[in-house]
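J.:
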Amino acid sequence: MNIFLYLDHNTPLHRLDPRTKLVSALILFGCCLCFNHPLFLAVISLGVSGLAFWSGSLSNFWRLRFILLLLFLFSLLLWPFFVQGKTFWWAWGPFSVSRESFLYGLAMGLRLTTFVAIGLVFLSTTRNEEMTNGLIQMGIPYPVAFALSTALRLVPTFVGAGATIIQAQVSRGLDLESGNIFKRLGKFIPQAVPLFIYAIHQTNTLAMALESRGFDPGARRTFYYEPAMKKKDWLVLGSFAVLFCGLIYLRLGMALGVVFPGRL
Amino acid sequence: MGPAISIEQLTFSYSGKESPALKNVQAEVTDRSFVCALGHGGAGKSSLCYALNGLIPRFFRGTYQGRVVLKGKEAAQQTVARLSKEVGLILQDFEAQLFSTNVELELTFGPENHGLSRPEIERRLTHYLNVIGLEAFRHRQPATLSGGQKQRLAIGSVLTMEPDILVMDEVTTDLDPRGAEEVLALAQALRQTGRTLLMVVPEPEMALEADQVWLMREGEIVAQGPPLDILTDLKRLKSCGIKPPSFLELFQALNWPGQPLTVEQALALIRDHRLDLQESTPSSLSMAQIQENSPPILQAEAVTFHYPQIQEKALQGIDLTIREGEFVALLGQNGSGKTTLAKHFNGLLKPGTGRLLVQGKPTSAYSHQALAQKVGYVFQNPDHQIFARTVEEEVGFGLKVLGRDTTTIKKRVTEVLEVVGLEGSEKRLPFTLTKGERQRVAVASVLAAQPQVIILDEPTTGLDYEHQVSIMNLLKDLNQKGHTILIITHSMWVATEYARRTVLMKDGTIILDGPTRRVFAQETKLAQAALSPPPLVRLSNALGLEALTLDQMVAELSSIIPQRNQENKKI
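Protein chains in written order, with numbering that gives the first Met the number 0: chain A, 0 to 263; chain B, 0 to 570.
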């Protein structure tokens with residue numbers, strides 16, 4: 000099983016400098032925050048989907064389709080109950096749903112999934128190491144960047160070990176499918192303790208391997224993948240910045256794309 | 000030339016431990032020589048390796064006395080990172096050593112840390128990709144490589160730092176036979192390049208090519224010298240918990256002259272001394288050992304299975320019947336489908352097509368709990384299941400979730416602990432036990448539910464010889480008490496010594512199935528699955544004998560040539 004999200008293609012997005020991708024992703028996050036009207040957000044979502052298609056990362060979207068769908072549905076179903084609109088559709092006691100709150104829920108659903116989608120496109124096109132390098136070039140100290148990327152790297156390892164541990168305990172008769180929440184919590188211990196011990200052991204070995212391979216957080220080091228900002232990187236960043244300013248003008252200057260004016 | 004490594008009166012105790020891990024170690028390694036270290040589990044082999052690259056005392060704290068001098072520099076005065084230019088250390092656990100997202104970056108990590116220029120990194124990358132034979136995998140994720148390739152990559156990632164001294168700590172232990180071969184071949188090739196090489200090896204046969212062999216016991220080097228001197232002292236080898244070379248044991252038991260270490264040497268000696276043996280292929284090997292009469296307990300009928308996102312089917316139509324009371328070894332390379340098949344038998348995996356029956360009933364008709372009482376499954380790594388504060392609680396866990404009352408649990412726990420030889424350890428903390436003992440706790444915890452069938456995934460991996468023998472004897476006992484045993488193993492001698500039936504898998508199919516003796520007579524078929532019989536069985540095959548074990552061979556040979564034996568005794 001492929002445990003990383005990175006997809007080894009050679010698309011223009013892959014070839015961009017990691018810093019460009021990181022800043023662009025942040026700008027896109029910002030763009031999502033500009034509006035709370037579903038139509039406007041849908042346009043942004045469509046744009047991000049285009050990027051996903053262009054960078055060949057749709058297979059990752061397919062892998063995570065349930066999570067994406069779940070996020071969308073949750074927002075769509077829950078948000079309407081927490082905001083008050085004017086055009087009431089339905090009310091029961093303290094609960095009510097209005098046209099505005101429904102639209103807001105839809106917008107929030109789109110916003111949340113688009114957030115995840117942006118992250119997904121970023122991770123599908125950027126190597127762990129490239130991201131680390133990008134962060135370092137942006138002034139993050141090497142030990143911090145390295146710790147971050149190592150933490151990311153270890154997640155799939157622990158997920159794999161967790162699966163084995165569950166199998167081992169199920170083989171001993173542990174029944175994970177029944178019981179109320181308290182019983183289920185009790186069943187958590189036989190899974191958590193071995194995983195915890197495994198994690199300690201694993202990180203210890205990793206630390207030994209790192210030191211044995213000359214890792215010294217304080218020392219000067221070189222990078223084999225040396226990211227360099229090219230003309231197209233600046234072009235991409237420039238375009239995104241212009242886009243962002245434009246969107247902010249639409250929202251603040253022209254008050255467009257808004258269901259609830261006071262809200263993000 | 001001065002020594003590459005000189006260890007002077009080194010004593011080290013890990014902090015918090017009373018007995019020292021290394022005791023007055025005194026040794027020297029000449030430049031460009033090849034040293035192999037052997038010893039029982041806990042003999043201090045790994046600690047010695049750590050002391051050579053500075054992990055002891057820099058990473059592992061404790062009391063350190065004596066000196067380790069590497070090419071004139073004292074190890075304890077350098078940081079591990081600085082020492083990595085002189086000494087490269089490769090560990091047993093290749094999974095935990097690899098952390099990059101592709102092969103290229105794994106190899107460049109060391110040179111990057113040393114602050115080398117890009118052209119220099121590029122040069123080393125190209126060169127060492129070639130040395131470790133992974134050019135074609137340059138952009139692959141390490142996780143997608145085979146075990147042997149991963150360990151070669153781990154070695155490569157140290158080589159790119161171009162250290163003069165290489166220290167390898169049991170680098171073949173976690174690998175299947177093919178992977179181990181690949182890694183040993185790489186080590187051989189590296190020797191030719193003028194590096195000093197120190198390898199901790201699990202079996203004496205791997206130390207034959209060494210210039211020096213160190214024998215370790217309880218933190219001390221008890222003997223050092225050329226392989227012939229060290230490996231021929233069977234008594235001393237045994238006292239260090241090492242499986243003696245089979246042919247030496249055989250020749251000594253038969254009182255034959257000579258000290259052969261390889262099949263070829265043994266055959267040549269037998270020929271030279273005209274020990275009156277006809278070399279032939281085994282013909283009428285016994286079939287009687289298979290149990291045709293007892294009822295089937297595990298049945299696979301045309302079982303196929305494939306993992307999501309992998310095109311190739313992991314099982315391609317398996318038909319297999321295992322009867323009550325059998326002792327079966329399941330052999331094959333990693334990825335041949337052994338574990339996948341075994342996990343079907345206790346319902347962890349459900350067949351894609353075909354049927355899987357346990358006592359005539361499909362596994363899907365059982366709940367996990369009901370199946371756990373019929374088919375016990377012991378995972379390879381006991382640490383994947385141990386969680387409790389006491390051995391007693393750990394072993395009784397299965398019974399507790401099955402809802403048994405405390406008196407039954409208590410009684411049963413006492414019983415099974417006695418069976419696995421851990422009586423009196425009820426109150427001990429499982430994590431403080433040795434690996435061999437933890438393995439026993441894992442077996443006991445599965446046994447407690449009294450399953451008829453016990454499946455064990457690699458029961459001997461990572462254990463030293465003594466512990467391997469003791470766990471296998473335990474299984475033999477259980478088998479004699481009526482349990483059906485199925486082991487998945489890479490260890491050929493474990494299969495020939497203990498299993499009466501052997502099933503050989505390759506690419507998701509069964510390519511050989513029959514009495515162990517029969518299966519191991521088919522060397523070409525075994526070679527197709529990149530396996531070969533253990534040395535003793537190869538000799539047995541070459542001489543046309545029935546024997547699978549040392550005792551059988553001694554008995555068979557002495558009955559064939561009693562006179563010759565007598566004559567030799569007189570000399």
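C-beta: ideal position from N, C-alpha, C; glycine also.
By a C-beta neighbour count over all protein chains shown, 10 Å radius and 16 as the cutoff for buried, is Ile180/A buried or exposed?
T.: Exposed: under 16 other Cβ atoms inside 10 Å.
J.: Provide the residue(s) that pair with Cys35/B in DSSP beta bridges, ordered along the chain.
T.: In DSSP, Cys35/B forms a bridge with Met198/B and Val212/B.
J.: On the three-pair Cβ rule with 8 Å, is the segment 214 to 231 of chain B touching the segment 433 to 444 of chain B?
T.: As far as the Cβ criterion goes, the segment 214 to 231 of chain B does not touch the segment 433 to 444 of chain B, which means the pair count is below three.
J.: Quick one, which of Gly147/B, Cys48/B and Gln315/B has its alpha-carbon nearest Thr171/B's?
T.: Comparing Cα-Cα distances from Thr171/B to each of Gly147/B, Cys48/B and Gln315/B, the minimum goes to Gly147/B.
J.: How many angstroms separate the CA atom of Tyr248/A from the CA atom of Leu236/A?
T.: C-alpha separation (whole angstroms): 18 Å.
J.: Under 9 Å, do Asp163/B and Val262/B count as touching if we go by C-beta distance?
T.: Not closer than 9 Å, so no.
J.: Can you look up Glu219/B in the DSSP assignment and give me helix, strand or coil?
T.: In this structure, Glu219/B counts as strand in the three-state DSSP scheme.
J.: Look up Val24/B in the DSSP assignment and say whether it is helix, strand or coil.
T.: Strand at Val24/B.
J.: Tell me, please, whether the CB atom of Ala116/A is closer than 9 Å to any CB atom in chain B?
T.: No, no contact with chain B.
J.: In chain order, what residues of the same chain have a beta carbon less than 6 Å from the beta carbon of Lys569/B, not counting five sequence neighbours either side?
T.: Bear in mind that the predicted position of Lys569/B carries a pLDDT of just 46, short of 50, making it too unreliable to give a figure here.
J.: How far does the alpha helix (DSSP H) with Lys434/B in it reach, from first residue to last?
T.: Taken as a continuous stretch (DSSP letters only), the alpha helix (DSSP H) holding Lys434/B covers Lys434 to Leu446.
J.: Run through chain A and tell me which residues come within less than 7 Å of Phe386/B, C-beta to C-beta.
T.: Going along chain A in sequence order, the residues near Phe386/B (Cβ under 7 Å) are Ile188, Pro189, Val192 and Pro193.
J.: Can we say the segment 361 to 381 of chain B touches the segment 169 to 189 of chain A, given the rule of at least three CB pairs closer than 8 Å?
T.: Contact holds: three or more Cβ-Cβ distances are below 8 Å.
J.: State yes or no: is the C-beta of Ala3/B within less than 9 Å of the C-beta of Lys70/B?
T.: Yes, the Cβ-Cβ distance between Ala3/B and Lys70/B is below 9 Å.
J.: Within a Cβ cutoff of 7 Å, which residues of the same chain sit near Asn35/A, ignoring the five residues on either side of it in sequence?
T.: Closer than 7 Å at the Cβ level, and outside the excluded window around Asn35/A, lie Tyr103, Ala106, Val257, Val258, Phe259, Arg262 and Leu263.
J.: For the alpha helix (DSSP H) containing Tyr464/B, list its first residue and its last residue.
T.: First-last of the alpha helix (DSSP H) with Tyr464/B: Tyr464 to Gln479.
J.: Does DSSP classify Leu12/A as helix, strand or coil?
T.: In this structure, Leu12/A counts as helix in the three-state DSSP scheme.
J.: Roughly how far, in whole angstroms, is the beta-carbon of Leu230/B from the beta-carbon of Pro244/B, given that I think they are within contact range, below 8 Å?
T.: Rounded, the Cβ-Cβ distance is 6 Å, consistent with contact.
J.: Please report the distance separating the alpha-carbon of Leu12/A from that of Pro141/B.
T.: If I take the Cα positions, the gap works out to 24 Å.
J.: Counting only Cβ-Cβ distances shorter than 8 Å, please list the residues of the segment 422 to 447 of chain B near chain A, keeping chain order.
T.: Listed by position along the chain: Phe430, Ser444 and Val445.
J.: Between the C-alpha atoms of Glu325/B and Leu76/A, what's the straight-line distance to the nearest angstrom?
T.: Going from the Cα of Glu325/B to the Cα of Leu76/A covers about 58 Å.
J.: Going by the DSSP bridge assignment, what does Met504/B pair with across the sheet?
T.: Paired residue(s): Ile509/B.
J.: Quick check on this structure: which residue in His39/B, Val553/B and Thr508/B has the alpha carbon closest to the alpha carbon of Pro201/B?
T.: Cα-wise, what sits closest to Pro201/B is His39/B.
J.: Could you check if Phe98/B is buried or exposed, using at least 16 other CB atoms within 10 Å of its CB as the buried criterion?
T.: Burial call: buried.
J.: Answer yes or no: does any C-beta atom of chain A fall closer than 9 Å to that of Arg81/B?
T.: At least one chain A Cβ lies under 9 Å of Arg81/B.
J.: Which residues of chain B have a Cβ atom closer than 7 Å to the Cβ of Ala167/A, listed in chain order?
T.: Near Ala167/A (Cβ distances below 7 Å), the residues of chain B are Phe378, His383 and Gln384.
J.: Quick one: what's got a C-beta closer than 8 Å to Gly133/A's C-beta in the same chain, skipping five residues either side?
T.: Cβ within range, chain order: Asp16, Pro17, Arg18, Lys20, Leu21, Thr125 and Pro226.
J.: Count the other CB atoms, across all protein chains shown, that sit within 10 Å of the CB of Gln64/B; report buried if there are 16 or more and exposed otherwise.
T.: With fewer than 16 Cβ atoms within 10 Å of its Cβ, Gln64/B is classed as exposed.
J.: What do you get for Ile6/B, buried or exposed, if any count of 16 or more other CB atoms within 10 angstroms of its CB means buried?
T.: With 16 or more Cβ atoms within 10 Å of its Cβ, Ile6/B is classed as buried.
J.: Just how far apart, CA to CA, sit Leu50/A and Pro79/A?
T.: One C-alpha to the other measures close to 30 Å.
J.: Let me confirm a value: Thr495/B is counted as buried when at least 16 other C-beta atoms fall within 10 Å, else exposed. Which label applies?
T.: That one is buried.
J.: When you compare the CB positions of Tyr223/A and Glu111/B, do they come within less than 9 Å of one another, or not?
T.: Against a cut-off of 9 Å, the Cβ pair of Glu111/B and Tyr223/A comes out as a contact.
J.: Quick one: complete alpha helix (DSSP H) runs, 4+ long, within the segment 162 to 207 of chain A?
T.: Fully enclosed alpha helix (DSSP H) runs of 4 or longer: 180 to 185.
J.: Please report the straight-line C-alpha distance between Phe214/A and Pro56/B, rounded to a whole angstrom.
T.: The straight-line gap from Cα to Cα measures roughly 17 Å.
J.: In the DSSP assignment, what residue or residues form a beta bridge with Met167/B?
T.: Answer by DSSP bridge pairing, in chain order: Ile89/B and Met198/B.
J.: Closest Cβ-Cβ distance between Gly375/B and chain A: below 9 Å?
T.: Cβ-Cβ to chain A under 9 Å: yes for Gly375/B.
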